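Notes follow the structure.
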Amino acid sequence: MPDGSVGQAVKRREDRRFLTGKGRYVDDIHRPGELTAVFVRSPHAHATVKSVHIDAAMASPGVIDVFVGADMEQDSIGSLPCGWTVTDRHGEPHKSPPHFPLVRDKARYVGDHIAVVLAETLEQARDGAELVEVDYDELPANVEIVKAVGGPPLHEEAPDNLCYDWVLGDEAAVDEAFAKAHHITKLDLVNNRLIPNPMEPRAAIAEYDGGLDSYTLWSTSQNPHLLRLILSAFVTGIPETKLRIIAPDIGGGFGSKIYCYAEETVCLWASKRVGRPVRWTSDRSESFLADAHGRDHVTHVELAMNETGEFIGLKVATRANMGAYLSSFASSIPTYFYATLLAGQYRTPAIFCNVKAVFTNTAPVDAYRGAGRSEATYPLERIVEVAARELGMDPAEIRRKNFIRPDQFPYNTPVALTYDIGNYEASLDEAMRMINYRGFSGRKAESQARGKLRGIGFSAYIEACGIAPSSVVGSLGAGVGMWETAQVRFNATGTVSVLTGSHAHGQGHETTFSQIVSDTLGVPMENVEIVHGDTGQIPMAMGTYGSRSLAVGGSAIMRACGKIIDKGKKIAAHLLEASVEDIEFKDGNFTVAGTDRSKSMAEVAFTAYVPHNYPEDLEPGLDETAFYDPLNFTYPAGTHICEVEIDPETGVTEILDWVAVDDFGKVINPLIVEGQVHGGVAQGVGQAMLEHGIYDSGSGQLLTGSYMDYCMPRADDLPSFKVGMIETACAHNPLGVKGCGEVGAIAAPPALINAITDALGIMHLEMPATPEKVWRLAQTAAAE
Amino acid sequence: MHDFGYHRPTTLADAAAALESAEDGKLMAGGQTMIPTLKQRLAQPSDIVDLGAVEALTGIREEGGALAIGAMTTHAEVAASDLVKARIPALANLAGGIGDPQVRHRGTIGGSIANNDPAADYPAGCVGLGATIHTGKRQIAADDFFTGLFETALEENEIVTAVSFPLPGQAAYAKFPNPASRYAIVGVMVAQTGDSVRVAVTGAGPCVFRDRAIEAALSSNFSASAVGTSSADESALNSDIHASAEYRKHLIGVMAKRAVAAAGG
């Protein structure tokens with residue numbers, strides 16, 4: 002088996018350059034004559050901008066120009082659109098108020114974009130920005146979900162601050178189920194706001210070529226083609242032929258680099274206006290203020306059960322924070338990526354969900370690793386746990402009793418999805434074996450003897466990823482399709498360039514995709530080059546989010562490889578004087594069936610480009626493009642179990658053990674997959690115990706605006722993870738793969754909160770479970 | 090950052106002169122607070138006098154029953170010093186728990202105490218161990234040195250040269266770190282020397298303070314079970330999104346208990 006074979010734990014090819022400082026990120030790129038942009042941001046959560054005085058800034062050394070919203074309006078630069086229209090329960094489209102890159106009337110959150118200063122150097126631009134004088138009329142502000150409706154209005158278009166009131170599911174069927182329920186469990190919970198914090202902050206460099214009347218934008222984007230589509234079609238009017246977007250090495254995204262942001266839009270526009278390249282790199286403080294945040298839900302959930310503990314109905318009411326403006330895909334996250342997942346792994350026959358999305362004076366909220374599905378798994382896996390405690394059932398057994406069984410696939414849920422395949426009991430059993438569930442009571446007693454409280458928590462999650470069938474998302478309001486592209490281009494000497502529409506910003510595509518191509522075409526991995534992140538090189542593409550790179554982008558690569566093999570057979574048949582039907586392709590060789598006569602892939606590729614002896618009716622070249630539109634979402638699922646120990650004296654929770662047993666379908670590179678599980682769980686632990694984006698309810702200031710106050714997970718917060726896998730191959734894509742990038746962040750929060758509440762002997766506590774919260778509850782528990 | 094004049098003297102006299110002649114000069118030791126403050130444009134000194142090349146401010150010596158640590162000694166040097174580890178292991182542990190490795194290799198004891206961050210570790214180390222702060226002009230008892238939030242007894246242009254720590258009988262430092270910043274939410278240094286017990290608390294209030302109730306309790310019985318509860322006035326303690334005053338007060342007792350246990354009491 003060659004080293005690059007699918008299924009082998011190949012070390013990441015890209016790590017040599019990343020680990021030796023040879024990566025090339027947007028901020029590493031410099032253009033001749035470039036200016037640096039610094040944004041003047043609103044210090045107020047809500048304020049009318051009466052006037053902006055730029056004279057002093059303009060006179061400051063090195064400052065070339067200062068622009069405000071009116072300047073962009075003059076050049077007909079439009080609003081940053083939301084690319085997904087949600088239809089509310091009355092059949093009306095959601096409220097989508099304008100979101101101008103530089104504000105035209107008022108500031109709506111702390112960090113909102115008032116003006117931009119362009120100067121020869123960063124320090125000069127900062128000096129200039131300090132000299133821009135803005136006259137504000139402060140307005141009452143609101144940052145809280147529960148006070149949004151009827152609070153100070155942010156937009157004329159949504160006077161009650163309601164973006165939409167949306168429903169999914171059969172309300173009458175759910176009411177009927179609740180009417181005959183033997184037991185109903187109820188829970189109120191908050192899904193805390195998170196601030197993404199990729200290691201590399203956002204950055205942009207825009208350059209206008211007056212000769213060609215065209216632009217190049219280097220951007221920290223997870224999806225350069227999608228960004229180009231938005232900027233061309235909706236914001237600037239620059240034709241796609243005149244706009245090249247390059248997203249080179251990118252240091253993490255987690256969703257926050259999907260969107261079309263104000264800063265890169267301003268740089269793009271200003272580069273023509275001033276006739277010089279314009280660069281901007283966010284500092285960490287700006288990242289906290291102005292990157293799209295994640296989560297931020299308030300939810301009430303009720304679960305109805307019969308006498309035996311079977312789930313017969315689920316009712317969910319959620320209020321979701323959109324922030325001050327609708328980010329690019331904000332509306333879809335608490336709807337189609339949320340309510341559709343509320344069946345989880347269970348046969349619950351009737352489910353109804355109502356979501357009210359509101360505007361508040363906070364940074365926009367959009368997809369963040371696990372997006373929507375994490376928010377769905379949390380109330381579901383929490384209420385299942387609480388139900389088990391109320392009914393005196395074992396948390397594993399209540400789940401097992403309600404699982405969709407392997408013989409029920411494909412399974413139609415009452416919330417619009419069709420699960421293709423799965424085996425939930427297998428992952429539960431394996432996780433219980435790995436954590437030695439039977440030994441837990443002994444371990445708990447041992448902890449108790451040391452004055453510590455031990456708890457165990459389950460999370461049996463499902464997610465829908467590999468997004469998504471274009472016809473399905475189109476019918477639900479998406480403004481785009483969600484296919485992917487790949488071009489497999491042999492060079493004359495047998496090396497292969499693979500141009501993929503997927504974008505790697507930490508995922509290891511250069512390794513995983515190379516393994517696929519090496520395995521499929523029988524060429525050594527070192528002869529395969531993966532090219533991504535450039536609209537100038539790669540056919541129209543959709544990019545990376547929603548754990549789609551392998552399932553959708555990888556499938557496109559497989560399809561292109563299939564075309565290469567088909568064409569190669571024709572060339573080989575000609576060279577071997579055989580009929581095409583008799584040619585077999587295996588391990589990089591085209592062989593006449595039943596003989597030892599064969600041609601290698603390299604020989605065939607050479608012939609394709611030096612076609613001296615070649616089929617008459619065949620085009621030269623060996624270069625194939627394919628598009629792949631998935632037939633369904635993919636449904637990774639599994640069980641995570643964690644064990645914690647609480648020190649009741651301080652409230653400190655230590656995670657002692659973590660078992661993750663996931664079904665990702667076929668695994669191409671177990672090393673990369675395991676790394677994705679580790680990273681995802683770390684982020685889930687962050688949400689459950691450490692991270693919380695907090696705005697001051699009075700002033701609207703972001704209180705957690707730096708690492709002094711916003712707590713990221715660190716290595717010493719985490720145990721050594723035990724990762725297990727079971728495999729049911731995805732039934733509808735050529736690789737049989739499902740996607741693994743988000744599951745940790747989806748599975749982890751309820752597992753941890755279930756474990757902590759188990760240790761404390763309580764039903765619920767809100768995330769993040771900080772030491773003080775846990776300490777207070779431990780005191781109460783001890784007093785009872 | 091804004092522009093400033095930069096000076097790197099090699100003697101204390103030159104450092105003092107550079108400071109005197111500057112319009113609004115600031116001393117820089119390890120720069121672990123100064124540099125971020127400058128980068129965020131929160132300070133605009135006319136001149137920075139970098140003490141990094143002043144030989145006289147370095148070194149760790151044992152003299153007269155005390156350890157004298159030069160003001161420019163980094164936290165990493167204190168943590169790794171065989172002399173400190175042998176004579177006052179509590180101090181080596183304290184220094185080894187400050188910030189992260191990068192901070193410990195740049196940050197200095199003199200810079201830390203002159204800044205007097207309310208959540209810094211060294212103020213508790215100095216007060217708890219009954220240290221004496223040496224400056225170019227005089228000696229100041231640690232009890233008198235830390236006067237308030239980011240305030241010290243240092244006069245204008247007075248330079249800390251060294252800190253001397255009398256060797257304690259038993260001592261230990263216990264810290265409850267802020268999960269985000271890893272500064273102390275509560276840090277307690279407990280030291281027993283002869284009949285005297287000192288208990289110094291950082292992080293809990295606006296400035297390091299001695300907890301007299303715990304000191305009294307431990308003076309008659311130096312054991313973890315004797316610690317009892319803190320006498321701190323809850324209304325004077327810090328309260329923020331990470332920890333309420335009530336929780337901080339509780340943690341003073343817990344950390345004191347753990348420090349006593351670690352000290353062998």
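Protein chains in written order, with my numbering: chain A, 2 to 785; chain B, 90 to 354. Idealized CB from N, CA, C, for every residue including glycine. Because the structure is a prediction, the values reported are computed rather than measured.
Mind checking which residues open and close the beta strand (DSSP E) that includes Leu-146 (chain B)? Element bounds for Leu-146 (chain B): n/a, residue is neither H nor E.
In the DSSP assignment, the alpha helix (DSSP H) including Val-524 (chain A) goes from what residue to what residue? Note, Val-524 (chain A): premise wrong, no alpha helix (DSSP H); not H, not E.
Specify whether the region 63 to 71 of chain A and the region 234 to 242 of chain A touch according to this definition: at least 3 beta carbon pairs, one from each stretch, less than 8 Å apart. With a cut-off of 8 Å on Cβ pairs, the region 63 to 71 of chain A is not in contact with the region 234 to 242 of chain A, counting fewer than three such pairs.
When you compare the CB positions of Tyr-262 (chain A) and Ser-270 (chain B), do they come within less than 8 Å of one another, or not? Tyr-262 (chain A) is not a Cβ neighbour of Ser-270 (chain B), given a cutoff of 8 Å.
Any beta strand (DSSP E) of 3 or more consecutive residues that is wholly inside the region 375 to 449 of chain A: If we require 3 residues or more, the region 375 to 449 of chain A turns out to have no beta strand (DSSP E) run fully inside it.
Considering only residues of the same chain and omitting the five flanking positions on each side of Glu-585 (chain A), which have a CB-CB separation below 6 Å? The residues are Thr-592 and Ala-594.
Nonlocal neighbours in the same chain, by C-beta distance under 7 Å from Phe-410 (chain A), ignoring five residues either side: Excluding sequence neighbours, Phe-410 (chain A) sits near Tyr-420, Asp-421, Ile-422 and Gly-423.
Looking at C-alpha atoms only, which residue of A:Ile-757, A:Val-191 and A:Asn-322 is the closest neighbour of Gly-380 (chain A)? Residue identity differs from the one stated: residue 380 (chain A) is Pro in this sequence, not Gly. For Pro-380 (chain A), the nearest C-alpha among the options comes from A:Val-191.
Kindly identify the DSSP beta-bridge partner or partners of Cys-643 (chain A). Its beta-bridge partners are A:Gly-458 and A:Trp-659.
According to DSSP, is Ser-312 (chain B) helix, strand or coil? DSSP, reduced to helix, strand and coil, places Ser-312 (chain B) outside both helices and strands of the structure shown, so it counts as coil.
Where does Ala-10 (chain A) fall in DSSP's three states? Residue state, collapsed to three classes: coil.
Nearest candidate by alpha-carbon position, reference Asp-89 (chain A), set A:His-31, A:Val-53 and A:Leu-163: Each of A:His-31, A:Val-53 and A:Leu-163 was checked against the Cα of Asp-89 (chain A), and the nearest Cα belongs to A:Leu-163.
Do you know offhand how far Gly-63 (chain A)'s Cα is from Asp-161 (chain A)'s? One C-alpha to the other measures close to 45 Å.
Just the Cα atoms here: how many angstroms apart are Arg-42 (chain A) and Thr-266 (chain A)? The alpha-carbon atoms of Arg-42 (chain A) and Thr-266 (chain A) are separated by roughly 16 Å.
So Ala-325 (chain A) and His-301 (chain A) are in contact, right, with Cβ under 8 Å, and what is the actual spacing, rounded? Actually they are not in contact, since the Cβ atoms of Ala-325 (chain A) and His-301 (chain A) sit about 25 Å apart, beyond 8 Å.
Less than 6 Å between C-beta atoms, sequence neighbours within five positions excluded: which residues of the same chain meet that for Phe-179 (chain A)? Closer than 6 Å at Cβ, skipping near neighbours: Ala-305 and Gly-314.
Which of helix, strand or coil DSSP assigns to Arg-347 (chain B): Here Arg-347 (chain B) sits in helix by DSSP.
Going by the CB atoms, is the gap between Ala-289 (chain B) and Gly-217 (chain B) shorter than 8 Å? Contact flag set, yes.
Cβ contact (3+ pairs, closer than 8 Å) linking the region 731 to 749 of chain A and the region 439 to 451 of chain A: Touching, no.
How big is the Cα-Cα spacing for Thr-513 (chain A) and Gly-569 (chain A)? One Cα belongs to Thr-513 (chain A), the other to Gly-569 (chain A), and the distance between them is close to 24 Å.
Using a Cβ cut-off of 8 Å, which residues of the region 340 to 354 of chain B contact any Cβ in chain A, in chain order? Taking 8 Å as the cut-off between beta carbons, the residues of the region 340 to 354 of chain B near chain A are Leu-340 and Val-343, in sequence order.
Say whether chain B places a C-beta atom closer than 8 Å to the C-beta of Arg-127 (chain A). Closer than 8 Å to some Cβ of chain B, the Cβ of Arg-127 (chain A) qualifies, so yes.
Out of curiosity, what's the CA-to-CA distance linking Leu-342 (chain A) and Tyr-546 (chain A)? Rounded to whole angstroms, Leu-342 (chain A) to Tyr-546 (chain A) spans 17 Å at the Cα level.
Rounding to the nearest angstrom, what Cα-Cα distance links Ala-132 (chain B) and Val-686 (chain A) in this structure? Spanning the two alpha carbons is a distance of roughly 37 Å.
Rounded to whole angstroms, how far is the Cβ of Leu-140 (chain B) from the Cβ of Met-123 (chain B), which I believe are closer than 8 Å? That pair is no contact at about 11 Å.
Skipping 5 residues on each side, what residues in its chain have a beta carbon closer than 8 Å to that of Pro-335 (chain A)? Same-chain partners within the cutoff: His-298, Thr-319, Ala-321, Val-356, Ala-358, Gly-373 and Glu-376.
With which residues is Tyr-26 (chain A) paired in a DSSP beta bridge? According to DSSP, Tyr-26 (chain A) bridges with A:Asp-250.
For Ala-293 (chain B) and Arg-301 (chain B), I'd like the C-alpha separation in whole angstroms. Ala-293 (chain B) and Arg-301 (chain B) have their alpha carbons spaced roughly 15 Å apart.
Members of the region 275 to 295 of chain A near chain C, C-beta cut-off 7 Å: Any reference to chain C falls outside this structure, whose protein chains are A and B.
Using only CA atoms, which one of B:Glu-152, B:Ile-330 and B:Ser-312 lies nearest to Gly-351 (chain B)? Rather than Gly, the amino acid found at residue 351 (chain B) in this sequence is Ala. The alpha carbon of Ala-351 (chain B) has as its nearest neighbour, out of B:Glu-152, B:Ile-330 and B:Ser-312, the alpha carbon of B:Ser-312.
Interface residues of chain B facing Thr-651 (chain A) [CB-CB closer than 8 Å]: Against Thr-651 (chain A), the close residues of chain B are Phe-265, Leu-340 and Val-343, in the order they occur along the chain (beta-carbon pairs closer than 8 Å).
Buried or exposed (CB count within 10 angstroms, at least 16 for buried), Pro-621 (chain A): By the neighbour-count criterion, in which 16 or more other beta carbons inside 10 Å mark a residue as buried, Pro-621 (chain A) falls on the exposed side.
Have a look at the DSSP bridge pairing and note the partners of Gln-228 (chain B). B:His-223, per the DSSP bridge assignment.
Please report whether the beta-carbon of Tyr-336 (chain B) lies at a distance below 8 Å from any beta-carbon of chain A. Yes, its Cβ sits closer than 8 Å to a Cβ of chain A.
For Phe-19 (chain A), which residues of its own chain have a beta-carbon under 8 Å away from its beta-carbon, when the five flanking residues on both sides are left out? Closer than 8 Å at Cβ, skipping near neighbours: Asp-250.
When Cβ atoms are compared, which residues of the region 247 to 279 of chain B fall closer than 7 Å to chain A? If the cut-off is 7 Å between Cβ atoms, the region 247 to 279 of chain B has Phe-265, Pro-268, Ala-269 and Ser-270 near chain A.
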